[in-house]
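Q:
Numbering (my numbering), first residue to last: -17 to 495.
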C-alpha cells in the first residue's frame, strides 16, 4: 500500500472524492466529540469559576481573609499586569483591580489545582495507554466529581485545598485523554476541527463559569454552589461515556479487532471502512513485530519520537497564554475568546496547523507591542484616556489573534504527531509541560511586572512570542490532512534523513496547505 493510497490521505481522497467527510457529515462522530469534549468544559469551568468563588471564600474563612502575604495573579496575566502598575490603574475600571488583593491562602487554593493537573497529566498518559481512553475519561470524571463535592462541603481551607487537588487531578487526566480520544475516532480530513472542538468546550466552560458566578451571588452558600455545581457535567459525561465505545485505534493496538471494526462501521461508509480496516490491520502487524513495553525514558531514546515530543511540548509552552487567559473578568471578552475558537475550528483543516499558528503568533506579537506602547506612553498622573483605550484595543487584538490559532493548534498537533504506542505517554508529558508553564507564568510574571514595569513585561512576552515563531518554523511540520502513518513517517524522515525509504512527506504536507 503506497502513501497516496492510504485511507484518508490526500491522494486517496482525490481518487475517491465521494468518501471525503465534512465536519457535520457524521452525527455519530460529532456526538462522540462533544461528549468527550465535556472534559474540556470541566477544565474551562474550574479555571474560570475560582475567580468568583474566592471573593466569597474570604468571607467564610477568617484565616484566609487575615493571612495577607502577597499579591497573586487572577490567572489572566494580561489583566494582572494592567492593574498591577499603580501609575496606570485607570486603564481599566477600578473595581477590576480590587480582585488583586490576594493572600497566601488564596494563592494556594488557586495553584493547588495546577499541581493536581500536572500530576494528572503525567499519570494520565500512562493510564490512557494501559487501560484505554474510555476508562481514563471515566476515572477523570470520578476524581473530578469527588473533588467538587469535597470543595462544596469543605469545613476549612485545608479540606478546600484537598478538593482543589482532586479537581486538578481530574482536569489533568481529561486534558490528555479528550484530544487523543477525539483524534483517534476522527477522519483525517476533519481531525483538526474535531479536536479543536475540545478547545471550544474549554472556552465555553469559562463563559459558563461567569454565568454561574452571577447566578449564585445572592444565594446562601454562594461559593459552595459555584464550586459544587461543577460536578454536574462530570456526572453527565460519566454516564454518557458508558454508552460510547473505546477508541478504535486503541482497540486495534490491543488486538481487539472485532470491537474496533464495530466502531469504525459507525464512522465510515462500507467502501472506506474496508480500506481503513485493511490499513489498520497492516499497521497492527508492523506494530506487533516491534512491540515492546513503552517507558517514559523511551521517548528520549528514540530519535524520531524525541523530535515529535520536542515539537509537541514546545507548542504547549508557546501556548501557555491560553490557560492564563482563563479568568477573564468580562462575559463579553469570554464570548470573544469562544468565538475565536469557532473560527479556529474552520481554519485549522482549511488553512493548516502551521500557517494558523504562525499567523496567530504574528498577531499576538503586534498586540503585545501595542500594549507595551500604551504603558510606555502613559506617564504618572496623566489623564489622557487615549492610552487606556489603546490598551483595551491591544488586549482585544491579543484574544482575537490567540483564540483561533495558538488556542487549538497545540492541542490538535499533540493529538496527532505521536505513534500509536507513544500517543498516551507523549500526550501526557506534553500536557504536563503545559501545566508547568501555566504555574511558572502565574507565579513569576506579576513579580517581573512590579520589578521591571508593565511595558517592559509586555515586550518580554512579545520576545517570547517571536521565539515561538522561530520554533514553529523550524520544528513543527504541517500535519493538515495527513494520516497517522504519514505523520509518523515525517519524523522518521527528519530523524534519519532522505535515506529513509519513503516519499518526501514534509514537502507533501506543505504543498497540501
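C-beta: ideal position from N, C-alpha, C; glycine also. No experiment lies behind these values; they were computed from the predicted model shown.
Who are the near neighbours of residue 161 in its chain, counting only those whose CB is closer than 6 Å to its CB and skipping five residues on each side?
A: By one-based count along the chain shown, residue 161 stands at place 179. Hits under 6 Å: 177, 180, 393, 397.
Q: Hey, quick one: how far does the alpha helix (DSSP H) through residue 123 stretch, first residue to last?
A: Residue mapping note: residue 123 aligns to position 141 of the chain shown, counting from 1. Counting along the chain, the alpha helix (DSSP H) containing residue 123 begins and ends at 115 to 135.
Q: So what's residue 226 in DSSP terms, helix, strand or just coil?
A: Mapped onto the chain shown, residue 226 falls at position 244. Coil.
Q: Assuming the contact rule is C-beta atoms closer than 8 Å, residue 18 and residue 155 should be a hit. Round their C-beta distance to whole Å, please.
A: Here residue 18 is taken as the residue at index 36 of the chain shown, counted from 1. Here residue 155 is taken as the residue at index 173 of the chain shown, counted from 1. The pair is not a contact, with the Cβ atoms about 13 Å apart (cut-off 8 Å).
Q: Do residue 265 and residue 399 have their C-beta atoms within less than 8 Å of each other?
A: Here residue 265 refers to the residue found at position 283 when the chain shown is read from its first residue. Here residue 399 refers to the residue found at position 417 when the chain shown is read from its first residue. Going by C-beta atoms, residue 265 is not nearer than 8 Å to residue 399.
Q: Nearest to residue 116 by alpha carbon, out of 30, 27, 233?
A: Along the chain shown, read from residue 1 onward, the residue named residue 116 stands at position 134. Among 30, 27, 233, the Cα nearest to that of residue 116 belongs to 233.
Q: Determine the direct distance from the alpha carbon of residue 215 to that of residue 112, and round the result to whole angstroms.
A: Position 130 of the chain shown holds residue 112. Position 233 of the chain shown holds residue 215. Using only the alpha carbons, I get a separation of about 26 Å.
Q: Rounding to the nearest angstrom, what Cα-Cα distance links residue 347 and residue 152 in this structure?
A: Here residue 347 is taken as the residue at index 365 of the chain shown, counted from 1. Here residue 152 is taken as the residue at index 170 of the chain shown, counted from 1. Approximately 33 Å between the Cα atoms of the pair.
Q: Near residue 20, which residues of its chain fall below 6 Å by C-beta distance, leaving aside the five closest residues on each side in sequence?
A: Position 38 of the chain shown, counted from the start, is the residue given in the question as residue 20. Taken in chain order, the residues that qualify are 215, 219.
Q: Please classify residue 373 as buried or exposed, where buried requires at least 16 other C-beta atoms within 10 Å of its C-beta.
A: Here residue 373 refers to the residue found at position 391 when the chain shown is read from its first residue. Looking at its Cβ environment, which holds 16 or more other Cβ atoms inside 10 Å, residue 373 is buried.
Q: Is DSSP giving residue 211 helix, strand or coil here?
A: Stepping through the chain shown from its first residue, residue 211 is reached at position 229. Reduced to three states, the DSSP call for residue 211 is coil.
Q: Hey, is the region 403 to 415 in contact with the region 316 to 330, meaning 3+ C-beta pairs nearer than 8 Å?
A: No, they do not touch.
Q: Alpha carbons only, please: which of 352, 186, 341, 209 is nearest the one belonging to residue 316?
A: Walking along the chain shown from the start, residue 316 turns up at place 334. Comparing Cα-Cα distances from residue 316 to each of 352, 186, 341, 209, the minimum goes to 186.
Q: Let's test the definition: count the other Cβ atoms within 10 Å of the Cβ of residue 261 and tell me whether it reaches 16, buried, or not, exposed.
A: Translated into positions along the chain shown, residue 261 becomes position 279. Buried: at least 16 other Cβ atoms inside 10 Å.
Q: Assuming residue 254 and residue 1 are in contact, meaning their beta carbons sit under 8 Å apart, how far apart are those beta carbons, in whole angstroms?
A: Position 272 of the chain shown, counting from 1, holds the residue named residue 254. Position 19 of the chain shown, counting from 1, holds the residue named residue 1. Confirmed, about 5 Å.
Q: Please list, in chain order, all residues of the same chain as residue 245 whose beta carbon is under 6 Å from its beta carbon, the five residues on each side excluded.
A: As a position in the chain shown, residue 245 is number 263, starting the count at 1. Around residue 245: 227, 230.
Q: Quick check on this structure: which residue in 211, 371, 150 has the alpha carbon closest to the alpha carbon of residue 421?
A: Here residue 421 is taken as the residue at index 439 of the chain shown, counted from 1. Of the listed residues, the one whose Cα sits closest to residue 421 is 150.
Q: So which of 110, 106, 126 has the shortest CA-CA distance to residue 95?
A: Counting from 1 along the chain shown, the entry for residue 95 is found at position 113. The shortest Cα separation from residue 95 among 110, 106, 126 belongs to 126.
Q: Leaving aside the five residues before and after residue 35 along the sequence, list all residues of the same chain whose C-beta is less than 6 Å from its C-beta, in chain order.
A: Translated into positions along the chain shown, residue 35 becomes position 53. Here the set comprises 205, 208, 209.
Q: Using the C-alpha atoms, what's the distance from residue 32 back to residue 85?
A: To locate residue 85, count along the chain shown from 1; it is residue 103. To locate residue 32, count along the chain shown from 1; it is residue 50. Residue placement at residue 85 cannot be trusted, given a pLDDT of 45 that sits under 50; what the coordinates show is reported in the next sentence. In a straight line, the C-alpha of residue 85 is about 14 Å away from that of residue 32.
Q: Using only the alpha-carbon positions, how far apart do residue 44 and residue 439 sit?
A: Walking along the chain shown from the start, residue 44 turns up at place 62. Walking along the chain shown from the start, residue 439 turns up at place 457. Straight-line Cα distance between these residues: approximately 34 Å.
Q: Give the secondary structure of residue 327 by DSSP, where H, G and I count as helix, E and B as strand, and everything else as coil.
A: Taking the chain shown and counting its residues from 1, the one referred to as residue 327 is at position 345. In this structure, residue 327 counts as helix in the three-state DSSP scheme.
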